[in-house]
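Start counting the sequence shown at 3; every next residue gets the next number (this note's numbering).
Glycine included, every Cβ here is placed at the ideal spot set by N, Cα and C.
Shown next, in structure tokens, is the structure this report addresses.
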Amino acid sequence: MNRTIACACLALSMSLVGSYVALSKPLTAVFPVFLLAWLRFGIGGLAMLHWLRKPVDEPAMTSHTRWLLFLESFVGNFLFSLCMLFGVSLTSAVSAGVIMAAIPAVVALMSWVFLGERVGLRIWLAIACAALGIGLLALAKPAHAVTASQHGQAWLGNLLVLGAVLCEAAYAVIGKKLTGSLGPRRISALINLWGFVLMTPMGFYVALQFDFAGVAGPTWVLLVFYALAASVWTVWLWMTGLKAIPASEGGVFAVMLPVSAALVGVWWLGERLGGMQLLAFGFALLGVILATVPARFLGLGGADKTEKAVCPP
């Protein structure tokens, strides 16, 4: 696959993740978290039924591959959904975006530890920009005053979102291993199926007590978008991109997640974004530029002789 196309897949995937992370906030106000997650996997599963079939040219799965599929779904689907949905329900979409800017750094570290991938200077500079963005947003004053109770809920929500960051990083690293033996579509379908199975006990129990008739039409539309984006589009795009991009480099594109989450939070949900927040996201975007634009365009001379950009021209 052309590396430029692979980069576009990774960037679009993370942008969609950020969008559905932010849009899950109004959904958690209507649906209980376990029910919302169960419906997400169910809708996604219906859309991917034809992806479950084993291609003729695909080798038989080993027990190791089956274990990785389960682990990918348990960490990257089941735990990520619970941490993210509960977390976003207690904090703001902008705050969730701030914390999720740590994903590139965590992905790079996990890739170095578990995959033995080399993390070069330009990738570390890009990660440093993302970390600087987190620091600036952490120092920014909240846009509105909150009560002590609300502050405590926000703290717990931020902690849960941080747990989602760890899950997402593990998902990226495990996914890189899976792309060596299975195609992106089948990976997407199988891990979604596992997510549906894991979420069914609690999801079904909550569904028995939920008033579905009271849900407005636009909320159902938003739910379908959320389910397809979370279970189908983002996973397929991410796995497709990882077939040509190392996980440590692909992790840099996770910067697009907090940016899109914050933008949706401001433009769609009416949250406020001040000057310090804008400066922070400027550093996040600078990280993407450092990781993707060839060194000759950045005035770095021969730096690329020993270190490749994520997306060469």
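Open item on the list: Less than 8 angstroms between C-beta atoms, sequence neighbours within five positions excluded: which residues of the same chain meet that for L37?
Closed with: If you ignore the 5 residues before and after L37, its C-beta comes within less than 8 angstroms of the C-beta of G205, V208, A209 and F212, all in its own chain and listed in chain order.
- [ ] Could you pull out every residue in the same chain whose Cβ sits closer than 8 angstroms to the Cβ of L168, ignoring the five residues on either side in sequence?
- [x] Within the same chain, L168 has close Cβ partners V108.
TODO: Would you kindly check if the distance between the Cβ of L195 and the Cβ of M16 is under 7 angstroms?
DONE: Not in contact: M16 and L195 (Cβ atoms no closer than 7 angstroms).
- [ ] Please name the residue, chosen from G118, A128, L18 and L239, that lies closest to F283 on a Cα-to-Cα basis.
- [x] The option with the nearest alpha carbon to F283 is A128.
TODO: Find out if the Cβ-Cβ distance for the pair S21, L87 is shorter than 7 angstroms.
DONE: In this structure, L87 does not lie closer than 7 angstroms to S21 by Cβ.
Open item on the list: Just to confirm the assignment: which complete alpha helix (DSSP H) runs, minimum length 4, are found wholly within the region 60–109?
Closed with: Taken in chain order, the whole alpha helix (DSSP H) runs of length 4 or more contained in the region 60–109 are 65–75, 82–92 and 95–102.
- [ ] Can you grab the Cα-Cα spacing for the pair A24 / V90, in whole Å?
- [x] One C-alpha to the other measures close to 8 angstroms.
Open item on the list: For T236, count the other beta carbons within 10 Å of its own beta carbon; 16 or more makes it buried, fewer makes it exposed. Which is it?
Closed with: Buried, by the Cβ-count rule.
TODO: Could you tell me whether the Cβ atoms of M201 and F72 are closer together than 7 angstroms?
DONE: Contact: no.
Open item on the list: Please state the DSSP three-state secondary structure of M201.
Closed with: In this structure, DSSP gives M201 a helical state, which the three-state scheme calls helix.
TODO: Flag this pair as yes or no: are the beta carbons of A231 and M50 separated by less than 7 angstroms?
DONE: Cβ distance not < 7 angstroms, so A231 and M50 don't count as in contact.
- [ ] Classify R124 as buried or exposed, calling it buried when 16 or more other Cβ atoms lie within 10 Å of its own Cβ.
- [x] Buried is the call here.
- [ ] Below 8 angstroms on the Cβ atoms is my guess for W240 versus G177; work out the distance and round it to an integer in Å.
- [x] The pair is a contact, with the Cβ atoms about 7 angstroms apart (cut-off 8 angstroms).
Open item on the list: Could you give the first and the last residue of the continuous alpha helix (DSSP H) run that contains V226?
Closed with: The continuous alpha helix (DSSP H) containing V226 extends over residues G219 to L230.
Open item on the list: Less than 7 angstroms between CB atoms is the rule here; does T64 satisfy it with respect to chain B?
Closed with: Although the question refers to chain B, the structure presented lacks it and comprises just one protein chain.
Task: Helix, strand or coil at Y22 [DSSP, three-state] - done: Helix at Y22.
Open item on the list: With the cut-off set at 7 angstroms, would you say I247 and E74 are in Cβ contact?
Closed with: No.
Task: Residue of T30, D59, L48 and V261 minimising C-alpha distance to G185 - done: It is D59.
Open item on the list: Between A264, L41 and W126, which has its C-alpha nearest G197's C-alpha?
Closed with: G197 has its Cα closest to that of L41, out of A264, L41 and W126.
- [ ] Return the CA-CA distance between E170 and P61, expressed in angstroms with no decimal places.
- [x] E170 and P61 have their C-alpha atoms roughly 27 angstroms apart.
Open item on the list: Determine whether the beta carbon atoms of I105 and L164 lie at a separation below 7 angstroms.
Closed with: I105 places its beta carbon 7 angstroms or farther from that of L164.
Task: Assigned secondary structure, L41 (DSSP; H/G/I helix, E/B strand, else coil) - done: DSSP places L41 in helix when its eight states are reduced to three.
Task: Other residues of its chain near H146: CB distance less than 6 angstroms, five sequence neighbours each side excluded - done: Bear in mind that a pLDDT of 46 at H146, under 50, signals an unreliable position, so the number given afterwards is only what the model happens to contain. If we look at H146 and ignore the five residues flanking it on each side, it has no Cβ neighbours.
- [ ] Ignore the nearest five residues each way along the sequence and tell me which others in Y173's own chain have a CB closer than 7 angstroms to its CB.
- [x] The residues are E74, V77, G78 and F82.
Task: Buried or exposed by the 16-neighbour rule on C-beta atoms within 10 Å, applied to A150 - done: Bear in mind that the predicted position of A150 carries a pLDDT of just 49, short of 50, making it too unreliable to give a figure here.
Task: Chain-order list of residues whose beta-carbon lies under 8 angstroms from that of F285 (same chain, five-residue window excluded) - done: Excluding residues up to 5 positions away in sequence, C131, A132, L134, G135 and L138 lie with their Cβ nearer than 8 angstroms to the Cβ of F285 in the same chain.
- [ ] Verify whether the separation of the beta carbon atoms of Q316 and L224 is less than 7 angstroms.
- [x] Only positions 3 to 315 of the chain appear in the structure, and residue 316 is not among them; the question remains open.
- [ ] Could you tell me how far apart the beta carbons of G99 and G267 are, in whole angstroms, since I believe they sit closer than 8 angstroms?
- [x] Your pair G99 and G267 checks out as a contact, with CB atoms roughly 7 angstroms apart and the cut at 8 angstroms.
TODO: Please say whether E273 and A1 have beta carbons closer to each other than 7 angstroms?
DONE: No statement about residue 1 is possible, as the shown extent of the chain runs from 3 to 315 and does not include it.
Task: Helix, strand or coil at L117 [DSSP, three-state] - done: In the structure shown, L117 adopts helical secondary structure according to DSSP, grouped into three states.
Open item on the list: Spatial neighbours of W270 within its chain, please: C-beta separation below 8 angstroms, excluding the five flanking residues on both sides.
Closed with: Counting only Cβ-Cβ distances below 8 angstroms, and skipping sequence neighbours, we find A24 and L25.
Task: For L84 and V32, believed in contact at Cβ under 8 angstroms, the rounded distance - done: The Cβ separation is near 17 angstroms, so there is no contact.
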